[in-house]
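Mapping of the sequence shown onto our numbering: position 87 corresponds to residue 95, and the numbering continues sequentially without gaps.
Below: one structure, written as C-alpha cells.
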Amino acid sequence: MADKSVTSGCQCGTIRYRLTAPPLEVMHCHCSMCRKGHGALFATAGVYDKAAVAIQSGEESLTRFESSPGNHRHFMFVLRWPAFSHRR
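This is the structure:
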C-alpha cells in the first residue's frame with residue numbers, strides 16, 4: 009500500500025507537520041475569528057484525528073490561546089500565521 013501521508017507547514021519553513029490520514033471533515037468557517045485570522049470572508053479547514061497529526065519542527069514557534077471555552081488556536085508568532093486549532 010502506498011504512503012498517502014502529506015507533509016506541509018508555514019511559508020518560511022519554520023513549522024513543519026505531517027498528516028498521516030485523510031481529514032474526517034473539510035469545512036468553510038465564517039466565524040469572526042477565522043475571517044480575521046485569514047483576512048478573508050471564510051477559512052477552509054480540515055478536521056483531522058489528533059493521532060494523524062504530527063508536528064515535525066518549529067513547535068517552539070507556536071503560540072496558543074483559548075479563543076472560546078475549550079477551543080484552542082495555535083499560530084506562528086513571527087508571521088502571525090494561523091496554524092491550527094483544536095478542542096479539548
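For each residue, glycine too, the CB sits at the ideal point set by N, CA and C.
Just so you know, these numbers come straight off a predicted model, no measurement behind them.
Report the rounded CA-to-CA distance for residue i versus residue j, giving the unit in angstroms.
i	j	result
THR71	GLY45	14 Å
GLY21	PHE50	24 Å
GLN64	THR15	9 Å
ARG24	GLY17	4 Å
Residue i by DSSP, collapsed to three states: which one?
i	result
GLY45	helix
ALA29	coil
SER69	helix
So, at 6 Å on beta carbons, what are the nonlocal neighbours of residue i in its own chain, with the 5 sequence-adjacent residues on each side left out?
i	result
MET41	SER75
ALA62	ARG26
Quick one: what's got a C-beta closer than 8 Å to residue i's C-beta in the same chain, skipping five residues either side?
i	result
VAL111	Outside the shown range of the chain (9 to 96) lies residue 111, about which nothing can therefore be said.
Contact defined as beta carbons within less than 8 Å: I believe residue i pairs with residue j. What is the distance between those atoms, to the nearest angstrom?
i	j	result
ASP57	LEU32	6 Å
Is the beta carbon of residue i within less than 8 Å of some heavy atom of the ligand PLP?
i	result
THR22	Within the structure as shown, the ligand PLP is missing, as the structure has no ligands at all.
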